[in-house]
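Participant:
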Amino acid sequence: METMIEYEIFDFQQEYETFETKLMQFEENFMAQINENWTKRVLVTQSNHNSRIGSGKEKCQEMNLILEKKQEESQKKCRVLEERNCKMQELKAVYREVNSEANDLIHKKEQMEKDLMLMMEKIHQEKDLISKQDNSVSKKMKEYEKAKNYFIERLGLHFKKTSSDRIQMVFKSINHRKPNKLYIFSIKIDENSKYLVTECHPLVPNIEELVQKLNATNNLSNFILSMRKAFKSLCH
């Protein structure tokens, strides 16, 4: 009985050990399989992760290159804009200077035109005055000629042109006691078309009054007659 029990115990123990060995083998196989699958999965995941990281790095590098290129382009554009701005400021300064010079020239031109108009007006006035003076002188020269012919024939008067556009008038036959004695006066026309007596010998006391009357009437013949009478009165 005891032998049988011992035998059963031995079989049970042996069966247990066999089960335990198989269980350990299963466990080892299971763990090995799990580890292998886990390792594969980890490797795949790591590979995918590394691939994504590599791809991300490549994209980052590409983006960095793009950004660097954009920055270079932006810097170039900024430099171009700065150069254009500087050029624009220079052009503005030149424009202001040219505009100022143009305004000065316009002002000078207007002033010159005003001065020219005034000058032209003055020239016209002077021409009119000269024309009037010429007419007056021409008229008076005609009076000279008329008086000359008259007095040479009837009064023994001789005319002589001297320097400074003066005309010297010489009378004879005034003094009956001294018929050859000369009575002289010189006359001229000034810039205002007025008669002036520059010489009188012998001196006639009222000569200024006679000259004023001459300029008032413009009658040279009467003046010469008046001078002859004045000379004649000095003989008494």
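Quick note: to get our numbering, add 19 to the position in the sequence shown (first position is 1).
A virtual CB, placed ideally from N, CA and C, is assigned to each residue, including glycine.
#1: Starting from the C-beta of Q187, find all residues in its chain whose C-beta is less than 6 angstroms away, skip the five residues before and the five after it, and write them out in chain order.
#2: What does K179 pair with, by DSSP beta-bridge criteria?
#3: Helix, strand or coil: how does DSSP classify S212 here?
#4: Three Cβ pairs or more, each shorter than 8 angstroms: is that satisfied between the segment 215-228 and the segment 193-203?
#5: Taking DSSP's pairing of strands, which residues face K151 in a bridge?
#6: Beta carbon of V189, beta carbon of Y214: below 9 angstroms?
#7: Can you give the Cα-Cα distance for G73 and V99, rounded to whole angstroms?
#8: If we ignore side chains and look at the alpha-carbon of each, how far apart do M43 and C79 end up?
#9: Specify the secondary structure class of I206 as computed by DSSP and reduced to three states.
#10: If you measure between the beta carbons of V223 and L253, is that distance less than 9 angstroms?
#11: Name the one or two DSSP bridge partners that H220 has.
#12: Determine, for E36, whether the minimum Cβ-Cβ distance to residues of chain D falls below 9 angstroms.
#13: Can you give the Cα-Cα distance for E92 and L86, rounded to whole angstroms?
#14: Our contact map puts A249 next to N225 with C-beta atoms below 8 angstroms; I'd like the distance itself, whole angstroms only.
#15: According to DSSP, is S192 part of a helix, a strand, or is it coil?
#16: In this structure, does DSSP put L100 in helix, strand or coil?
#17: Starting from K232 and walking both ways along the alpha helix (DSSP H), at which residues does that stretch end?
#18: One question on the structure: do F242 and K232 come within less than 9 angstroms of each other, judged by their Cβ atoms?
#19: Apply the 10 Å Cβ neighbour rule to L176 and answer buried if 16 or more other Cβ atoms are within range, or exposed otherwise.
#20: Reducing DSSP to helix, strand and coil, say where L124 ends up.
#21: Assuming the contact rule is C-beta atoms closer than 8 angstroms, S183 and K207 should be a hit. Round their C-beta distance to whole Å, please.
Facilitator: Looking at the atomic coordinates:
#1: K179, T181 and S205
#2: Q187
#3: S212 falls in the coil class under three-state DSSP.
#4: Verdict: yes, contact present.
#5: DSSP lists no partner for K151.
#6: no
#7: 38 angstroms
#8: 51 angstroms
#9: strand
#10: yes
#11: I203
#12: No chain D is part of this structure, which consists of one protein chain only.
#13: 10 angstroms
#14: 7 angstroms
#15: coil
#16: helix
#17: Unbroken alpha helix (DSSP H) run through K232: I226 to T236.
#18: yes
#19: buried
#20: helix
#21: Right, the Cβ-Cβ distance comes to about 7 angstroms (below 8 angstroms), so this counts as a contact.
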